[in-house]
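Trainee: Residue numbers (the working numbering), protein chains in the order written: chain F, 1 to 115; chain E, 116 to 227. Before I ask anything, let me first share the structure, which is written out below as structure tokens.
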Amino acid sequence: KAGVTQTPRYLIKTRGQQVTLSCSPISGHRSVSWYQQTPGQGLQFLFEYFSETQRNKGNFPGRFSGRQFSNSRSEMNVSTLELGDSALYLCASSSPRGLSTDTQYFGPGTRLTVL
Amino acid sequence: QQQVKQSPQSLIVQKGGISIINCAYENTAFDYFPWYQQFPGKGPALLIAIRPDVSEKKEGRFTISFNKSAKQFSLHIMDSQPGDSATYFCAASNQAGTALIFGKGTTLSVSS
Numbered sequence: 001k002a003g004v005t006q007t008p009r010y011l012i013k014t015r016g017q018q019v020t021l022s023c024s025p026i027s028g029h030r031s032v033s034w035y036q037q038t039p040g041q042g043l044q045f046l047f048e049y050f051s052e053t054q055r056n057k058g059n060f061p062g063r064f065s066g067r068q069f070s071n072s073r074s075e076m077n078v079s080t081l082e083l084g085d086s087a088l089y090l091c092a093s094s095s096p097r098g099l100s101t102d103t104q105y106f107g108p109g110t111r112l113t114v115l
Numbered sequence: 116q117q118q119v120k121q122s123p124q125s126l127i128v129q130k131g132g133i134s135i136i137n138c139a140y141e142n143t144a145f146d147y148f149p150w151y152q153q154f155p156g157k158g159p160a161l162l163i164a165i166r167p168d169v170s171e172k173k174e175g176r177f178t179i180s181f182n183k184s185a186k187q188f189s190l191h192i193m194d195s196q197p198g199d200s201a202t203y204f205c206a207a208s209n210q211a212g213t214a215l216i217f218g219k220g221t222t223l224s225v226s227s
């Protein structure tokens, strides 16, 4: 079974630009969560989608948004990029039940660098 | 407000020794406590997890100890091996969904 895939793996943008990251969950998984990982703040929850609906949202500004499609694939968008947005963005999917106790499977992440 | 506090930030253990990582949480609504292991260039991978109705869970060389009254839980790695060298994250979630609140991580280095 293929794991969680994220594209692109690396991205370089400049301040003020916007960026879209993509995540394909494991086949059959309906819950997709996004996390930001930085050396200073660690792993921080961005948002979670389940069956195309945003179910939870972390404490990030409105510049961070996401969506989920009917095939469970998800995208996150960051508008008006800031230097502090440089991070590893991780996507995780979990089983069709979408329960809190379900194992989350992480992708390798997209490394975003903002210059 | 950091809801899950993890210590130590880094840990050096000799091969064959015991590695111990501690976490404390604040939100009593948390009902699931997983530990994740992350190697450089990879996403985190689930190592072991526990529910608050259990005080201890063991899987191979990995054991979680859970103290509900103290709101603390810890990971013990027995017979630590160089291949265990990685960053370990404790986390917590509640029934609202699959959102995980992570600790800041512990970088474990096992010397041979």
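Note that CB positions come from ideal geometry on N, CA and C, so glycine has one too.
#1: Please report the straight-line C-alpha distance between E:Ile127 and E:Asp199, rounded to a whole angstrom.
#2: Assess contact between the stretch 27 to 34 of chain F and the stretch 45 to 52 of chain F, defined as three or more Cβ pairs (one per stretch) separated by less than 8 Å. Is contact present?
#3: Tell me the DSSP bridge mates of E:Asn137?
#4: F:Thr103 touches chain E at which residues, Cβ-Cβ below 9 Å?
#5: Pairing CB atoms from the stretch 83 to 91 of chain F with CB atoms from the stretch 36 to 50 of chain F, are three or more of them under 8 Å?
#6: In the DSSP assignment, the beta strand (DSSP E) including F:Leu90 goes from what residue to what residue?
#7: Quick check on E:Ala229: buried or exposed, where buried means 16 or more other Cβ atoms within 10 Å of its Cβ?
#8: Buried or exposed: which applies to E:Phe154, given that a residue is buried once 16 or more other Cβ atoms fall within 10 Å of its Cβ?
#9: What number of angstroms, rounded off, separates the C-alpha of F:Glu75 from the C-alpha of E:Ser134?
#10: For E:Glu141, which of E:Arg176, E:Thr178, E:Gly156 and E:Gln121 has the nearest alpha-carbon?
#11: Between the Cα of F:Pro39 and those of F:Val78, F:Gly84 and F:Gln104, spot the shortest distance and give me the residue it belongs to.
#12: Restricting to runs no shorter than 3 residues, where is the beta strand (DSSP E) found entirely within the stretch 147 to 194 of chain E?
#13: Quick one: measure Cβ to Cβ for E:Ala160 and E:Tyr151, integer angstroms, because I've assumed they're closer than 8 Å.
#14: Please look up how many angstroms separate the CB atoms of F:Phe102 and E:Thr213, rounded, as I've assumed it's under 8 Å.
#15: Please classify F:Thr113 as buried or exposed, where buried requires at least 16 neighbouring CB atoms within 10 angstroms.
#16: Pull up the distance between the alpha-carbon of F:Pro8 and that of E:Ala185, whole angstroms please.
#17: Since F:Pro108 meets chain E, which of its residues come closer than 9 Å, beta carbon to beta carbon?
#18: Which residues in the same chain have their Cβ closer than 8 Å to the Cβ of F:Gly109, if we skip the five residues on either side of it in sequence?
#19: Just the chain F side, please: which residues come within less than 8 Å of E:Phe182 by C-beta, in chain order?
Mentor: Looking at the coordinates:
#1: 11 Å
#2: yes
#3: E:Ser122 and E:Ser189
#4: Proximity of chain E to F:Thr103 at the Cβ level (cut-off 9 Å) is accounted for by Pro149, Leu161 and Ala164, in chain order.
#5: yes
#6: Ala87 to Ser94
#7: Lying before the first or after the last residue shown, residue 229 of chain E is absent from chain E, which here runs from 116 to 227.
#8: That one is exposed.
#9: Going from the Cα of F:Glu75 to the Cα of E:Ser134 covers about 38 Å.
#10: The shortest C-alpha separation from E:Glu141 is found at E:Gln121.
#11: F:Gly84
#12: Fully enclosed beta strand (DSSP E) runs of 3 or longer: 148 to 153, 160 to 165, 171 to 174, 177 to 182 and 187 to 192.
#13: 6 Å
#14: Residue identity differs from the one stated: residue 102 of chain F is Asp in this sequence, not Phe. Correct: roughly 6 Å between the Cβ atoms.
#15: exposed
#16: 43 Å
#17: Ordered by position in chain E, the residues that pass the 9 Å Cβ test against F:Pro108 are Gly156, Lys157 and Gly158.
#18: Gln6, Arg9, Gln37, Leu88, Tyr89, Leu90 and Cys91
#19: Here residue 182 of chain E turns out to be Asn, not Phe, going by the sequence shown. Here the premise fails: no neighbours, minimum Cβ distance about 20 Å.
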